[in-house]
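Numbering-wise, this note's numbering puts 1477 at position 65 of the sequence shown, and it's gapless, one number per residue.
In what follows, a single structure is set out as structure tokens and then discussed.
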Amino acid sequence: MKGLSILAAFLGGAVVGAAAGILFAPESGEDTRSKIADALRKRGIKLSRTDMEDLVDEIAAEVKE
């Protein structure tokens, strides 16, 4: 069970790190949101535009803390 927790923490950190890299990339917010939406859709996750913007805002707030 401990190994699973370590793996989950690693994957969570990787996701937050990737999100931070995308959010701080020198592209416009519209391009970034579009790329995030495309990546999620490829994985079968469908979000509305407002849900996507809320998700990006939440990730950005966590990264800035």
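Yeah, the Cβ is synthetic: ideal placement off N, Cα and C, and Gly gets one too.
**Report entry** Where A1449 falls: helix, strand or coil (DSSP)
**Finding:** The three-state reading of DSSP puts A1449 in helix, counting H, G and I together.
Requested in this report: In the DSSP assignment, find the alpha helix (DSSP H) that holds A1431 and state where it starts and stops.
Outcome: Unbroken alpha helix (DSSP H) run through A1431: K1414 to L1435.
Query - Option nearest A1451 by Cα separation, candidates V1427, D1469 and P1438 - result: For the options V1427, D1469 and P1438, the alpha carbon positioned closest to that of A1451 is the one of V1427.
Query raised in the report: For I1448 versus A1431, is the C-beta distance shorter than 9 Å?
Result: Yes, Cβ-Cβ distance for I1448 and A1431 is below 9 Å.
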